[in-house]
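Note sheet for the following structure.
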Amino acid sequence: MSDPINANPTVIDTSQLPTRLGKGSRELKPCDKLVLKILNLSLLKPADESAESDDQIPDLMSDVDSESTDDELEGADNEGIDSQEIFDLISTISDPEHPLTLAQLAVVNLEDIQVSDNAGAISEVSVKITPTITHCSLATLIGLGIRVRLERSLPARFRIRILIKEGTHQSENQVNKQLNDKERVAAACENEQLLGVILQMLSTCK
Amino acid sequence: MSGMELVAELKGHTEPAWCVAWNPTRPLLASCSTDKSVRLYTYRFPPSSSSTDVAVPIFTFLTEIPTAHKRTIRSIAWSPSGRTLVTGSFDSTVGVWEQLDERDEGIERSGAMQANDEGEDGTGEWECVTTLEGHESECKSVGYSSDGALLASCSRDKSVWVWEVQPDSDFECISVMMEHTQDVKTLAWHPKEEVRYFDLPSPILASASYDASILLFADDPDADWGPFQKLQPSLPAVDPTMASGLNSQDEQMSLAGDEAKPSSADNDDKNDEFTVPALKDPETIWSLAFSPCGMFLASGGDNGGIRIWARGLSWTDSQSSSELDRDEDDLGRLASTGGDGRILIWQVRKTSETILSSHLSSPVPKIIATIVGLQERAHEIHDINSVAWCRRSVPEEEDASSPGHARAVKMQQRTRQLLATAADDGSVKVWRAT
Chain A
1 MSDPINANPT
11 VIDTSQLPTR
21 LGKGSRELKP
31 CDKLVLKILN
41 LSLLKPADES
51 AESDDQIPDL
61 MSDVDSESTD
71 DELEGADNEG
81 IDSQEIFDLI
91 STISDPEHPL
101 TLAQLAVVNL
111 EDIQVSDNAG
121 AISEVSVKIT
131 PTITHCSLAT
141 LIGLGIRVRL
151 ERSLPARFRI
161 RILIKEGTHQ
171 SENQVNKQLN
181 DKERVAAACE
191 NEQLLGVILQ
201 MLSTCK
Chain B
207 MSGMELVAEL
217 KGHTEPAWCV
227 AWNPTRPLLA
237 SCSTDKSVRL
247 YTYRFPPSSS
257 STDVAVPIFT
267 FLTEIPTAHK
277 RTIRSIAWSP
287 SGRTLVTGSF
297 DSTVGVWEQL
307 DERDEGIERS
317 GAMQANDEGE
327 DGTGEWECVT
337 TLEGHESECK
347 SVGYSSDGAL
357 LASCSRDKSV
367 WVWEVQPDSD
377 FECISVMMEH
387 TQDVKTLAWH
397 PKEEVRYFDL
407 PSPILASASY
417 DASILLFADD
427 PDADWGPFQK
437 LQPSLPAVDP
447 TMASGLNSQD
457 EQMSLAGDEA
467 KPSSADNDDK
477 NDEFTVPALK
487 DPETIWSLAF
497 SPCGMFLASG
507 GDNGGIRIWA
517 RGLSWTDSQS
527 SSELDRDEDD
537 LGRLASTGGD
547 GRILIWQVRK
557 TSETILSSHL
567 SSPVPKIIAT
577 IVGLQERAHE
587 IHDINSVAWC
597 RRSVPEEEDA
607 SSPGHARAVK
617 MQQRTRQLLA
627 TAADDGSVKV
637 WRAT
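Protein chains in written order, with this note's numbering: chain A, 1 to 206; chain B, 207 to 640.
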């Protein structure tokens with residue numbers, strides 16, 4: 001169990017590139033997704049990857065940082081956060097089992113993200129995830145990874161709801177209840193072993 | 207509508223604050239946090255306003271107990287004597303804290319800051335006198351019985367433990383109850399000791415869980431501690447088969463009415479925002495609070511609804527019945543808060559109407575809850591995790607004509623409008639209901 005999880009990061013690192021590409025041109029996102037999938041099915045290109053990550057990563061990070069600061073100060077620079085931005089934050093999270101990202105596996109999809117952003121007031125993000133198989137035992141872990149990623153990236157005004165897409169998991173209600181139990185999530189994030197796995201999943205985001 | 211004013215904003219925790227607790231006998235307010243510390247604040251009333259009831263106290267940071275907990279401190283509670291503080295942590299342990307006596311230890315008082323009405327303070331160093339181990343996973347809630355003889359703790363390991371408080375900070379576990387099928391979120395002791403359920407008086411303990419049920423436990427003299435009733439929002443009261451001393455349906459708690467619903471007259475413009483959501487799925491019950499008279503129990507659910515449960519009338523002994531009569535219709539105020547950032551204060555009244563339906567063995571009074579206080583964005587955009595009324599006690603044994611008694615009565619009157627909240631941004635706020 002621990003071997004595959006540890007073995008994943010290197011593979012995921014190479015698959016990081018295409019998703020970053022997607023972030024570069026937001027309007028063309030659905031097309032890009034297809035391109036990414038195709039790219040990932042074929043050979044990966046390390047040279048392109050390094051070029052892209054140099055360009056894209058700093059941009060993304062500064063974006064998120066400045067926005068969160070602005071929002072907390074109720075600043076005028078109020079760009080708002082949309083589902084595309086949420087997608088960009090979570091699409092490059094690695095699947096805990098496969099050397100692929102959640103977007104590549106279609107576990108997260110742009111159309112399953114809802115954002116209601118009330119600048120300066122309590123806002124909401126809801127993400128519905130689609131497990132690859134209906135008995136996927138890692139659905140909770142994936143959901144937790146998405147939650148941790150969003151909690152760390154989004155301004156504090158956002159309430160995050162992670163749900164299993166209807167009819168895609170046999171224990172849908174149980175998983176939903178766990179993923180949205182604040183106390184359990186807080187306790188899980190103090191479990192270093194679990195947090196270690198999540199950080200591995202998130203390591204491809206930065 | 208506001209109905210409340212901010213008295214103090216107390217910052218200091220570097221991580222979310224989970225729980226606040228007022229000391230019942232001394233001017234101390236405690237808070238706990240994911241940062242693994244307990245912070246203590248003291249308060250005093252400015253001398254100039256000493257004759258009026260609306261005096262607003264001044265709060266001052268007193269001390270921080272770093273604690274040795276390895277994870278979040280989720281819950282704190284004071285003993286009724288006000289001498290002992292307990293901490294329930296995600297590290298699965300319960301810490302018991304007492305203050306070294308500053309007079310004996312010769313710890314100097316540091317200035318006028320700590321001076322207060324009763325000549326007592328919390329500046330003496332607090333030390334861990336014992337650590338209670340036994341839970342297998344996160345401890346979620348801790349609490350003392352009303353006479354301080356028992357301590358209860360609960361955990362994600364599905365268990366509720368009852369500990370007997372013995373001299374010299376010794377605690378003996380007298381019962382481990384495993385009747386919940388999931389995470390036990392919170393506990394509440396019945397406020398009175400004269401509750402008579404079995405042949406002998408027994409304290410009553412309520413627990414609420416992720417499994418969407420509330421269990422009521424008592425000490426059965428013929429057996430052990432055990433549950434005598436299960437309450438499930440949206441479902442008729444269920445009589446579990448565990449307790450041997452039970453006879454019949456005569457002794458049941460019952461759901462009073464549907465839910466607490468605000469009267470529309472008080473908030474015409476916002477009425478729709480306060481409707482209690484329908485219960486679609488079994489929901490986690492996060493909080494419990496007994497009414498001061500002990501006849502009602504309020505529970506807070508995951509979808510924001512509050513439900514008020516009433517004792518079946520035959521459940522009570524004669525003493526409690528007379529208590530009910532004396533209380534007339536005013537059951538007191540209920541404060542609630544949550545992830546929506548609001549604090550609500552409800553005035554809860556009993557009506558002369560009663561409810562009797564097929565699943566109730568005896569009629570229960572119909573309850574009306576009216577919103578008398580509302581604070582939006584009480585901690586700005588942050589989740590509020592805890593709300594607590596200040597409840598100073600008046601020692602019963604003390605001579606009613608003694609100066610100490612008079613002081614305690616006065617302090618109780620002056621502090622009864624105060625409530626404190628703790629939020630995800632680590633801040634604690636004190637409010638006064640107006």
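C-beta atoms are modelled at their ideal positions from N, C-alpha and C, and glycine is treated no differently.
Kindly say whether Ala186/A, judged by its beta-carbon, lies nearer than 8 Å to any beta-carbon of chain D.
-> The chain labelled as chain D is not found among the protein chains of the depicted structure, namely A and B.
Along the beta strand (DSSP E) that carries Val197/A, what are the first and last residues, could you check?
-> Per DSSP, Val197/A belongs to no beta strand (DSSP E); it is in the alpha helix (DSSP H), Glu192 to Leu202.
Euclidean distance between Cα positions of Thr387/B and Asp417/B | The straight-line gap from Cα to Cα measures roughly 6 Å.
Specify the secondary structure class of Asn173/A as computed by DSSP and reduced to three states.
-> helix
Use the C-beta contact count for His588/B: other C-beta atoms within 10 angstroms, 16 or more gives buried, fewer gives exposed.
-> buried
Whose Cβ in chain A lies nearer than 7 Å to the Cβ of Gly547/B?
-> Per Cβ cutoff of 7 Å: Ile122.
Does the stretch 224–234 of chain B touch the stretch 99–117 of chain A, meaning 3 or more C-beta pairs lie closer than 8 Å?
-> no
Find the nearest neighbour of Gly354/B within the set Trp395/B, Gly547/B and Cys345/B, judged by alpha-carbon distance.
-> Trp395/B
Contact with chain A by Phe296/B, beta-carbon distance below 8 Å | yes
Starting from Glu270/B and walking both ways along the beta strand (DSSP E), at which residues does that stretch end?
-> Ile264 to Ile271
Is DSSP giving Pro433/B helix, strand or coil here?
-> Strand at Pro433/B.
Alpha carbon to alpha carbon, what distance is there between Asp428/B and Asp546/B?
-> The straight-line gap from Cα to Cα measures roughly 46 Å.
Compute the distance between the beta-carbons of Asn176/A and Ile164/A, then report whether it is under 8 Å.
-> Against a cut-off of 8 Å, the Cβ pair of Ile164/A and Asn176/A comes out as a contact.
Do you know offhand how far Ser352/B's Cα is from Ala358/B's?
-> 11 Å
DSSP puts Trp224/B in a beta bridge; with which residues?
-> Paired residues: none, contrary to the question.
Please work out which residues of its chain come closer than 8 Å, Cβ to Cβ, to Asp241/B, disregarding the five sequence neighbours upstream and downstream, and give them in chain order.
-> His219, Thr220, Glu221 and Gly632
Does the Cβ-Cβ distance between Ala412/B and Leu356/B come in under 8 Å?
-> no
Given Thr140/A, which residues of its chain have a CB within under 7 Å of its CB, disregarding the five upstream and five downstream residues?
-> Val175, Gln178 and Leu179
Are the CB atoms of Thr640/B and Ile590/B nearer to each other than 8 Å?
-> no
Work out the CA separation of Ser542/B and Gln553/B for me, nearest whole Å.
-> When only Cα atoms are considered, Gln553/B and Ser542/B end up about 11 Å apart.
Phe267/B classed as buried or exposed, judged by whether at least 16 other C-beta atoms fall within 10 angstroms | Per the 10 Å Cβ criterion, exposed.
Top-ranked residue by Cα proximity to Pro407/B, from Thr392/B, Ser419/B and Trp431/B | Nearest Cα to Pro407/B within the set Thr392/B, Ser419/B and Trp431/B: Trp431/B.
Under three-state DSSP, which class holds Phe502/B?
-> strand
What's the C-alpha gap between Ser570/B and Arg555/B?
-> Here residue 570/B turns out to be Val, not Ser, going by the sequence shown. Distance between the alpha carbons of Val570/B and Arg555/B is about 13 Å.
Determine the closest residue to Leu421/B out of Ile380/B, Val366/B, Leu550/B and Pro397/B, with distance taken between C-alpha atoms.
-> Val366/B
Decide if Met210/B is buried, meaning its Cβ has at least 16 other Cβ atoms within 10 Å, or exposed.
-> Looking at its Cβ environment, which holds 16 or more other Cβ atoms inside 10 Å, Met210/B is buried.
Lys182/A to Ala606/B span [Cα, whole Å] | 47 Å
Does DSSP put Phe87/A in a helix, a strand or coil?
-> helix
Determine, using beta carbons only, whether Thr139/A comes closer than 8 Å to chain B.
-> Contrary to the premise, residue 139/A reads as Ala rather than Thr in this sequence. So, not an interface residue.
Enclosing alpha helix (DSSP H) for Val148/A [first to last residue] = Ala139 to Ser153
Among Phe377/B, Ser419/B and Gly301/B, nearest to Ser185/B - alpha-carbon criterion = An answer regarding residue 185/B cannot be provided, because it is not within the stretch 207 to 640 covered by chain B.
Contact list for the stretch 208–240 of chain B against chain A, Cβ threshold 8 Å | So the list reads Pro222 and Thr240, given in the order they occur along the chain.
Per DSSP, what kind of secondary structure is Met210/B in: helix, strand or coil?
-> strand
By a C-beta neighbour count over all protein chains shown, 10 Å radius and 16 as the cutoff for buried, is Gln643/B buried or exposed?
-> Absent from the model: residue 643/B. The displayed extent of chain B is 207 to 640, so no value can be given.
Contact set for Lys635/B: own chain, Cβ-Cβ below 6 Å, skip 5 residues either direction = Closer than 6 Å at Cβ, skipping near neighbours: Glu215 and Thr627.
With 8 Å as the threshold, decide whether the Cβ of Gln157/A is near any Cβ in chain B.
-> The sequence given here has Arg at residue 157/A, not Gln. Judged by the 8 Å Cβ criterion, Arg157/A is in contact with chain B.
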